[in-house]
Amino acid sequence: MQANKTNKTAISPTREQNYPEWYQQVIKAADLAEVSPVRGCMIIKPWGWAIWENMQRVLDEQFKATGHKNLYFPLMIPMSFMQKEAEHIEGFAKECAVVTHHRLAKGEDGKLEPASPLEEPYILRPTSETIIGDAFSRWVQSYRDLPLLVNQWANVVRWEMRTRMFLRTTEFLWQEGHTAHATAEEAMQESLLMLDVYARFAEEYMAMPVIKGEKSESERFPGAVNTYCIEAMMQDRKALQAGTSHFLGQHFSRGFNIKYLSAEGREEFAWTTSWGVSTRLIGGLIMAHSDDNGLMLPPKLAPAHIVILPIIHKEEDRAAILAYCQQLANEIRKIHYHDRRLIVEIDNRELPGGEKGWSWVKKGIPIRLEIGNKECASNSVFMGRRDREYKDRKTLSQQEFLHIIKAELDDIQAHLLLRAQEFRSRNTATINSQKDFHDYFENDGGFALAHWNGSAEVEAKLKQDLGVTIRCIPFDDQSGSGKCIFTGEPSKQRVIFAKAY
1 MQANKTNKTA ISPTREQNYP EWYQQVIKAA DLAEVSPVRG CMIIKPWGWA
51 IWENMQRVLD EQFKATGHKN LYFPLMIPMS FMQKEAEHIE GFAKECAVVT
101 HHRLAKGEDG KLEPASPLEE PYILRPTSET IIGDAFSRWV QSYRDLPLLV
151 NQWANVVRWE MRTRMFLRTT EFLWQEGHTA HATAEEAMQE SLLMLDVYAR
201 FAEEYMAMPV IKGEKSESER FPGAVNTYCI EAMMQDRKAL QAGTSHFLGQ
251 HFSRGFNIKY LSAEGREEFA WTTSWGVSTR LIGGLIMAHS DDNGLMLPPK
301 LAPAHIVILP IIHKEEDRAA ILAYCQQLAN EIRKIHYHDR RLIVEIDNRE
351 LPGGEKGWSW VKKGIPIRLE IGNKECASNS VFMGRRDREY KDRKTLSQQE
401 FLHIIKAELD DIQAHLLLRA QEFRSRNTAT INSQKDFHDY FENDGGFALA
451 HWNGSAEVEA KLKQDLGVTI RCIPFDDQSG SGKCIFTGEP SKQRVIFAKA
501 Y
């Protein structure tokens with residue numbers, strides 16, 4: 001179906017009219033995922049899964065380049081493991097799904113019901129620090145076993161009350177890195193190294209600018225000494241926490257007895273870290289770039305780079321047009337683009353050209369090529385880019401197109417990043433008074449840079465009154481010390497406040 005003639009957009013409602021519903025409609029129109037019969041869970045469909053596979057492939061290579069090896073742990077964690085780290089279990093207790101039985105049997109009414117209680121219940125992993133800590137206690141014996149650097153790609157379960165596809169679901173996919181080190185300094189370096197990996201991935205592959213910083217005490221991961229994060233601004237001006245890295249100190253080492261014999265012959269507790277990103281990144285990708293005509297994808301992560309749309313008006317032209325499209329696709333597939341060959345789709349569906357074209361606009365494919373009799377006769381292509389207006393198309397010879405295609409894709413990638421950077425810049429304000437702060441967030445808001453005295457009470461009141469939280473204490477802040485705009489007390493630097501997902 002072509003763009004709606006009333007509001008001239010393919011997605012309804014628009015971002016301006018109803019942002020949350022627009023987000024759901026983009027997912028539906030792009031055929032990324034759908035709601036499943038399991039409460040709060042989603043079915044990720046092939047186009048959405050391919051985006052996650054591309055993210056996974058790039059990140060996995062980057063993790064391995066920094067010395068990490070992949071492994072896998074069970075989904076179910078003994079409840080006794082969770083009880084060994086009090087702060088950790090307190091942070092996740094309300095989100096835990098618990099397995100209490102191991103068999104089904106027919107009840108008196110003939111319906112299946114749980115039959116055999118487990119001696120010890122299992123928790124469906126909300127995160128794996130506890131079960132990995134138990135394994136580390138066996139794997140780490142000597143300083144020669146350190147550093148221990150591992151990662152797993154897995155699913156986790158957190159019993160969320162309010163869910164939204166990709167952003168917050170009961171079950172979601174992620175990677176979680178876990179490491180053990182001989183010194184606090186090494187563990188801290190690891191935490192910051194992996195945060196840098198996430199930040200580079202977000203900006204270089206997702207074309208999504210992020211701010212690196214540290215979480216306030218109240219926003220830390222349960223059981224962590226320090227939590228570091230990358231924060232991105234979505235098009236509704238809310239923040240999205242796009243990745244976290246945690247310096248866990250010796251909390252989990254003491255809880256799970258992760259000890260090693262030092263080179264000097266002393267028994268020491270190891271220093272540990274954990275870090276992760278999830279399918280929430282797909283939600284970030286949608287909200288950072290998409291428009292009122294649907295999904296918009298950075299070429300480096302798109303499931304396919306190019307779609308060829310055969311435009312066939314007469315049946316006698318079909319064979320020649322399809323042969324030309326196939327020859328063109330073969331030439332495109334010979335080209336390497338960054339870390340993979342160019343991927344091209346040929347849409348052979350018997351649909352009107354406009355309907356086919358708009359279906360791919362909504363799926364966010366970077367480049368569309370329309371091929372009809374005219375293009376076959378002149379050995380050319382009719383090209384459109386997703387980051388430009390639908391009607392902004394041009395004719396190129398096939399040779400010229402093959403010569404410039406990588407530059408065109410790089411230009412799309414760079415354009416998306418620049419546009420997101422400019423949007424964030426326009427919607428970031430330096431705030432110097434409590435009144436201006438309230439006025440800012442009672443209107444459209446965005447990111448607010450303001451001095452804060454470190455008080456958890458101030459944080460809690462802002463969250464209650466305005467729905468605003470401290471997103472991070474940014475690393476690159478150059479403002480210096482000042483006075484808290486809420487209390488007048490000394491402040492070391494400005495922090496970033498925002499409403500958030």
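Counting in the working numbering, the final residue of the sequence shown is number 501, and the numbers go up one at a time with none missing. Heads up, the beta-carbon is just placed ideally off N, CA and C, and yes, glycines get one too. What you are looking at is a predicted structure, and each value in this text was computed from that prediction instead of being measured.
Beta-carbon contacts of residue i that lie in its chain and below 8 Å, excluding the five residues immediately before and after
| i | result |
| --- | --- |
| residue 197 | 59, 62, 63, 66 |
| residue 106 | 112, 113 |
| residue 15 | 22, 235, 236, 291, 292 |
| residue 4 | In this predicted model, residue 4 has a pLDDT of only 44, less than 50, meaning its place in the structure is not dependable; the value taken from the coordinates is given anyway. Only 10, 12 meet the Cβ criterion. |
| residue 254 | 269 |
| residue 258 | 133, 136, 137, 140, 180, 252, 269, 270, 272 |
| residue 36 | 42, 43 |
| residue 94 | 159 |
Where the beta strand (DSSP E) through residue i begins and ends
| i | result |
| --- | --- |
| residue 100 | 97-101 |
| residue 243 | 239-249 |
| residue 174 | 171-181 |
| residue 269 | 267-269 |
| residue 153 | 148-157 |
| residue 120 | 117-124 |
| residue 213 | 211-214 |
| residue 105 | 104-106 |
| residue 471 | 469-474 |
| residue 259 | 259-261 |
| residue 307 | 306-310 |
| residue 232 | 226-233 |
| residue 20 | From DSSP, residue 20 is part of no beta strand (DSSP E) but of the alpha helix (DSSP H) over 19-29. |
| residue 113 | 112-114 |
| residue 548 | Lying before the first or after the last residue shown, residue 548 is absent from the chain, which here runs from 1 to 501. |
| residue 430 | 428-430 |
| residue 93 | Run containing residue 93: none; DSSP gives neither H nor E here. |
| residue 450 | 447-451 |
6 Å CB neighbourhood of residue i in its chain, flanking five on each side removed
| i | result |
| --- | --- |
| residue 34 | 43 |
| residue 70 | 151 |
| residue 224 | 246, 248 |
| residue 492 | 481 |
| residue 370 | 309, 311, 382 |
| residue 425 | none |
| residue 278 | 172, 174 |
| residue 466 | 441 |
| residue 178 | 132, 150, 274 |
| residue 490 | none |
Supposed close pair residue i, residue j - CB separation, criterion 8 Å
| i | j | result |
| --- | --- | --- |
| residue 386 | residue 287 | In fact, because the Cβ distance is near 16 Å, the residues do not count as touching under 8 Å. |
| residue 393 | residue 450 | Actually they are not in contact, since the Cβ atoms of residue 393 and residue 450 sit about 46 Å apart, beyond 8 Å. |
| residue 589 | residue 469 | Outside the shown range of the chain, which is 1 to 501, sits residue 589, and nothing can be said about it. |
| residue 413 | residue 300 | 6 Å |
Cβ-based burial, residue i [other Cβ within 10 Å; buried from 16]
| i | result |
| --- | --- |
| residue 240 | buried |
| residue 314 | exposed |
| residue 404 | exposed |
| residue 25 | buried |
| residue 116 | exposed |
| residue 1 | With a pLDDT of only 41 at residue 1, under the threshold of 50, the placement of this residue in the model should not be trusted; the figure read from the coordinates follows. By the 10 Å Cβ count, residue 1 comes out exposed. |
| residue 38 | exposed |
| residue 72 | exposed |
| residue 80 | exposed |
| residue 475 | exposed |
| residue 232 | buried |
| residue 488 | exposed |
| residue 327 | exposed |
| residue 127 | buried |
| residue 183 | exposed |
| residue 276 | buried |
| residue 103 | exposed |
Chain-order list of residues whose beta-carbon lies under 7 Å from that of residue i (same chain, five-residue window excluded)
| i | result |
| --- | --- |
| residue 193 | 66 |
| residue 250 | 269, 271 |
| residue 124 | 75, 76, 97, 99, 157 |
| residue 337 | 305, 406, 409 |
| residue 19 | 236 |
Residue i: first and last residue of the uninterrupted alpha helix (DSSP H) it sits in
| i | result |
| --- | --- |
| residue 58 | 46-65 |
| residue 282 | 280-289 |
| residue 131 | 129-139 |
| residue 500 | That residue, residue 500, is in no alpha helix (DSSP H); it is neither H nor E in DSSP. |
| residue 441 | 434-442 |
| residue 81 | 79-82 |
| residue 35 | Unbroken run through residue 35 is the beta strand (DSSP E), 33-35; no alpha helix (DSSP H). |
| residue 201 | 184-204 |
Subject >> Start-end ranges of the alpha helix (DSSP H) lying completely within the region 328-412, minimum 4 residues >> reply: Counting whole runs of 4 or more residues, the region 328-412 contains the alpha helix (DSSP H) stretches 353-363, 373-378.
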